[in-house]
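First residue of the sequence shown? That's 43 in this note's numbering, and the numbers climb one at a time after it.
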Amino acid sequence: MNRKVDMGGLFMEQREEVNIKEILRASRMGMWRVEMEEGKPPRFYADEVMDELLGIDREITPEERFVFHRSRIHPEDMRLFQEYSDKLTEARTEIVYRYIHPVSGAMFVRCGGERDTSVTEYVAVTGIHQDISETVRIEKEKEAERRLAELNDSLRKEKRRQDIYYKELLDIENCGVLAYTMPGHKVIHMNAEALRMYGIESVEAAQRELGPLLRQVYYPDSEVLNQLKKLRNEDDMVDYECIIGKGKANECHALAKTKVVHIPTGERAVLTTFVDVSDMVMLKNALHCAEEGSRAKSSFLFAMSHDLRTPMNAIIGYAELMEAHWGEKEVTTNYLQKLKGASQFLLALIGNVLEIARIESGKETLNEAPWNLMKLEETLDILLDGEISRKQLTVNRNVNIRHANVYCDALKIREIIMNLLSNAVKYTSEGGKIVLDIDEKPSARDGFMTLQIRVSDNGIGISKEYVPYIFDAFTRERSSSESGIIGTGLGLRIVKSFVDLMNGDISVKSEPGKGTCFTVEISCRKIPEEELQQQMEDQPENVSLAGRRLLLAEDNGLNAEIAMTILQDADAEVELAADGKIAVDKLQDVPVGYYDAILMDIQMPNMNGYEATKAIRKLTDERAKIPIIAMTANAFEEDRQAALAAGMDDYVAKPVEISELFRTIMKHLK
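If you want it as structure tokens, here you go:
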């Protein structure tokens with residue numbers, strides 16, 4: 043009887059053991075035990091299912107099993123597994139790692155274990171080893187679907203953001219931009235400046251009236267219209283002058299460039315950029331003289347092209363590169379920075395063309411400020427690469443400056459170099475060579491250095507008879523029909539005027555057929571080391587206007603939006619007044635100290651910036667002393683003096699340099 047009971051119990055135990063094994067095998071779960079004893083190799087014990095999961099199909103020793111298991115852990119997970127193993131000697135823990143099965147390949151394993159505290163002679167750890175590859179696969183598929191959906195949504199949002207970003211970027215440019223498909227004549231974009239120049243309220247309105255808009259443009263050179271018509275069948279580019287809305291209230295004189303491009307959809311499109319030059323006194327005088335038959339003055343627009351074509355080429359060139367690399371954030375950001383630099387230089391050039399008349403009348407002044415002469419390299423990189431590459435010129439640049447930080451009129455020095463280089467590029471044949479040397483020479487004056495600029499080329503050269511007239515405006519040794527080069531020499535006239543203004547010297551050596559060399563020497567005051575150190579300490583690394591409340595007086599909605607965004611990004615609170623009267627009323631309606639400063643535009647309706655400032659300074663309490671900073675497109679020195687005379691504390695010219703704006707504001711905040 044007892045014998046039967048024993049046999050039954052044994053049968054039940056064996057059956058339970060079989061069931062447990064099947065359950066473990068179905069769950070892909072094996073059991074293991076590792077023993078580590080000082081002075082001996084680690085021992086790895088496993089049940090039958092564990093050996094199947096490890097891929098062991100023969101009898102091996104515990105020591106061999108340990109080595110086998112470790113050798114098949116995925117190399118990228120080995121460090122993580124080692125950290126897990128070290129923790130097991132102290133506390134219960136789990137890990138998910140990859141194990142390379144000799145037959146099935148890589149599998150995901152969940153492994154958990156804990157130390158057997160009943161063993162004291164050596165370290166013993168027991169645990170489970172479960173194949174969770176199928177679970178991981180399913181989860182990965184779900185995760186992939188979710189991430190794909192998120193990615194698609196993110197891409198849609200990013201495209202919308204980019205569209206808005208590029209539209210806003212174009213809207214703040216100083217030049218007008220109009221793009222439409224051809225032959226479909228669907229407007230791709232028309233920025234704010236182009237809408238203003240054409241007198242149109244919106245892109246939708248431009249689409250409806252595109253035909254009449256294009257027909258209202260007048261071309262002083264009748265051949266230009268034929269050149270533009272050729273673009274219907276040819277991928278080419280045309281530079282020209284035009285008058286938009288001639289005889290109407292919105293009449294606008296412009297320098298333009300039209301080019302055929304291919305947009306991502308594969309369609310051909312016409313891209314035109316315009317620079318409004320209507321307010322240039324010399325342009326109006328030139329057009330007036332041209333109508334009277336003055337040959338010299340009628341060539342003024344070509345002189346303008348001489349100075350403006352370089353940055354215009356950079357603007358449209360980088361715009362095309364942005365289009366070609368749309369969506370490549372790092373690449374397009376680089377092109378945007380260069381496009382911005384070219385736009386700023388274009389604006390500066392327009393100002394300098396106006397200053398020709400000021401030079402002649404004796405009104406031109408120097409605007410000397412601290413500057414690093416090594417920044418000249420940046421100007422050259424932005425503006426000259428395109429034309430140099432096109433003509434396959436070799437340009438050697440040698441800059442040897444020991445005292446780079448000086449007081450100087452940086453804009454005028456940059457334009458001197460740009461005009462000399464531009465002249466060299468124009469008069470040097472394809473494959474020619476140009477050398478730019480910028481050297482520091484000793485000065486007889488203490489605390490000064492002499493900046494020597496030498497531009498030499500192996501171009502067509504200048505005759506000895508013409509050299510005395512080389513710096514006269516609107517003169518050329520040979521006509522364009524003789525030389526094949528269009529230009530008037532206005533650039534050299536500007537160079538000579540600026541060099542004279544800075545009490546410098548300029549000389550020229552040239553020989554027909556062998557080239558020309560211009561040498562300029564300008565004396566600059568070096569910035570003392572202690573003053574340079576103080577400037578670096580005074581320059582805030584990260585500008586924050588947190589807790590500051592500013593009142594912005596600006597009637598132009600686009601300019602107001604830009605200024606408010608810049609200031610709010612620096613954590614300032616900004617309130618807007620649409621004209622000077624509103625600004626004065628707002629200041630009077632709040633307690634003393636409510637506003638920290640006022641940014642004041644000059645040209646505003648109802649009450650301009652000068653009048654508003656004078657009204658504020660007449661207030662009878664502390665509000666009369668609030669800092670007022672002019673922020674205006676009136677960019678000449680007399681405009682700055684007028685702002686200070688009206689009672690303003692400082693002056694920032696538009697387009698605003700963000701760093702200069704912050705520096706000026708911080709200077710006047712208590």
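Heads up, the beta-carbon is just placed ideally off N, CA and C, and yes, glycines get one too.
Pair within 9 Å by beta-carbon distance, VAL373 and LEU363: yes
Sub-9 Å separation of ILE357 and THR315 beta-carbons: yes
Neighbour flag for GLU64 against chain C, beta carbons, 9 Å: Checking the listed chains, one finds no chain C in this structure; it contains a single protein chain.
Sequence-distant residues of its chain with Cβ nearer than 7 Å to LEU574 (five each side left out): ASN447
Whole-angstrom distance between ASP278 and LYS272, CA atom to CA atom: 8 Å
Closest by C-alpha distance to GLU664, when choosing among VAL634, ASP691 and MET649: VAL634
As assigned by DSSP and simplified to three states, the class of SER586: coil
For ARG456, the three-state DSSP class (helix, strand or coil): helix
Segments assigned beta strand (DSSP E), at least 3 residues, entirely inside the region 244-273: none
Range covered by the beta strand (DSSP E) that runs through PHE490: 490-499
According to DSSP, residues forming a beta bridge with PHE150: ARG140
Backbone CA spacing between LEU95 and SER69 [nearest angstrom]: 11 Å
The region 438-452 touching the region 468-481, judged by at least three CB pairs closer than 8 Å: yes
Own chain partners of ALA311 with C-beta closer than 8 Å, once the 5 adjacent residues on each side are dropped: ALA221, TYR222, THR223, MET224, ILE230, VAL302, VAL303, HIS304 and ILE305
Candidates ASP643, LEU408, GLU410 and ASN650, of which the one nearest ALA695 by Cα: ASP643
First through last residue of the beta strand (DSSP E) which encompasses GLU596: Looking at the DSSP string, GLU596 is not in any beta strand (DSSP E), and its letter there is neither H nor E.
Beta-carbon separation (whole angstroms), THR655 vs SER565, contact threshold 8 Å: Actually they are not in contact, since the Cβ atoms of THR655 and SER565 sit about 38 Å apart, beyond 8 Å.
The region 89-106 in contact with the region 183-199 per 3-pair CB rule at 8 Å: no
Rounded separation between GLU118 and CYS217 - CA only: 55 Å
Same chain, Cβ closer than 7 Å to GLU702, five either side skipped, listed in chain order: VAL694
7 Å CB neighbourhood of ASP597 in its chain, flanking five on each side removed: ALA620, ASP621, ASP643, MET646 and PRO647
Counted within 10 angstroms of its Cβ, other Cβ atoms place PRO484 as buried (16 or more) or exposed: exposed
Given ILE605 as reference, the closest of GLN494, THR674, LEU629 and MET322 once Cα atoms are compared: Note that residue 605 corresponds to Ala in the displayed sequence, not to Ile. That would be THR674, whose Cα lies nearest to the Cα of ALA605.
Whole beta strand (DSSP E) elements within the region 644-678, 3-residue minimum: 670-674
Exposed unless 16 or more other CB atoms sit within 10 angstroms - verdict on VAL323: Only weak support is given to the placement of VAL323: the predicted model assigns it a pLDDT of 47, under 50, and the question is left unresolved by the model.
Which residues DSSP lists as bridging GLY72, in chain order: HIS171
Coil, strand or helix - PHE344 by DSSP: Annotation note: pLDDT 46 at PHE344 (below 50); position unreliable, no value reported.
Whole-angstrom C-beta distance between MET239 and ALA298, which should lie under 8 Å: That belief does not hold up - the Cβ atoms of ALA298 and MET239 are roughly 10 Å apart, past 8 Å.
N-terminal and C-terminal residue of the alpha helix (DSSP H) that THR407 is part of: Element bounds for THR407: n/a, residue is neither H nor E.
Endpoints, the beta strand (DSSP E) within which GLY622 is located: Looking at the DSSP string, GLY622 is not in any beta strand (DSSP E); the run it does join, the alpha helix (DSSP H), is 622-630.
Status (buried if at least 16 other CB within 10 Å, exposed otherwise) for THR470: buried
Cut-off 8 Å between Cβ atoms - residues of its own chain near HIS116, not counting five sequence neighbours on either side: TYR139, ARG140, TYR141, ILE142 and ALA148
Reduced DSSP category for ILE242 - H, G, I as helix; E, B as strand; rest coil: coil
At least three beta-carbon pairs within less than 8 Å, the region 540-555 to the region 444-459: yes
Buried or exposed (CB count within 10 angstroms, at least 16 for buried), ALA486: exposed
Span separating the alpha-carbon of PRO510 from that of SER549: 10 Å
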